[in-house]
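When we follow the numbering used here, the leftmost residue of the sequence shown carries the number 112, and every step to the right adds one. Note that the Cβ used here is the ideal one computed from N, Cα and C, for glycine as well. All values derive from a computational prediction rather than experimental measurement. Taking it in order: structure first as structure tokens, then the write-up.
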Amino acid sequence: MHWVAQRFPEFAPSDICVFEHRRPVSANAPLRMDDELTVKIHGAGTFGVRVIHLDDQSFTLGTLHGHPEAGRITFGAYRNLRGDVIFHIRSRARSGSTFHYLGFVTAGDAMQTNTWTEFVLRAALTAGDGVVGAIHAQTTELKDEPSGGDTAHGPTFLAQGD
112 MHWVAQRFPE FAPSDICVFE HRRPVSANAP LRMDDELTVK IHGAGTFGVR VIHLDDQSFT
172 LGTLHGHPEA GRITFGAYRN LRGDVIFHIR SRARSGSTFH YLGFVTAGDA MQTNTWTEFV
232 LRAALTAGDG VVGAIHAQTT ELKDEPSGGD TAHGPTFLAQ GD
């Protein structure tokens, strides 16, 4: 995950969105706690996210005021029982306004799925032979946030294992 945090902006599909650090960074500098990035979303505008959680196996970005979504997204990696690397992304977010909700329903949901699918494909190809098997995407509407975690600053899942 250190490697993904180091190269995070390059894995986003630039025809959909572009991530840029808000602080000057060297080519080998990974994301750090409290780093802020701008994200330019094609057709939507430029918004901000902040690193709100970071450990050896995952990091979480939280949206900043004005972003079309209010929430957070965790990127994590771990090995399954066979030793395969599992790369997992989980977002917990809601629309920032009724206007943004309408945009999400009409195009944003598909755009977000395409963004993170392409992100996984690019990271896997850069790391080695690419994705083995399939990329699984699932959207579930939750009435309430699951209990037991920090819903403002915590990860959306715990990446545990090797």
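Cβ contact (3+ pairs, closer than 8 Å) linking the region 164-178 and the region 112-121: yes
Close-in-space but distant-in-sequence residues of the same chain around residue 211 (CB under 6 Å, 5 per side omitted): At residue 211, the pLDDT of 49 sits below 50, so the modelled position is not reliable and the matter cannot be decided from this model.
Three CB pairs or more closer than 8 Å across the region 225-243 and the region 190-198: yes
Stretch-stretch touch, CB-based, cutoff 8 Å, three pairs: the region 134-146 with the region 224-232: no
Coarse secondary structure for residue 269, derived from DSSP in three states: coil
Cβ distance (whole Å) where residue 232 is taken to contact residue 243 below 8 Å: Actually they are not in contact, since the Cβ atoms of residue 232 and residue 243 sit about 12 Å apart, beyond 8 Å.
Exposed unless 16 or more other CB atoms sit within 10 angstroms - verdict on residue 266: buried
Residue from 192, 168, 150, 176 with nearest C-alpha to residue 127: 150
Contacts around residue 217, its chain only, beta-carbon distance under 7 Å, and the 5 residues preceding and following it disregarded: Residue placement at residue 217 is poorly supported in this model, since its pLDDT is 49, which falls under 50; the coordinates still yield a value, given next. Cβ neighbours of residue 217 beyond the five flanking positions: none.
Rounded C-alpha distance that separates residue 177 from residue 156: 10 Å
Residue 187 classed as buried or exposed, judged by whether at least 16 other C-beta atoms fall within 10 angstroms: buried
Supposed contact pair residue 268 and residue 201 - C-beta distance, whole angstroms, cut 8 Å: 5 Å
Residue 270, buried or exposed, once every other Cβ within 10 Å from all chains shown has been counted against 16: buried
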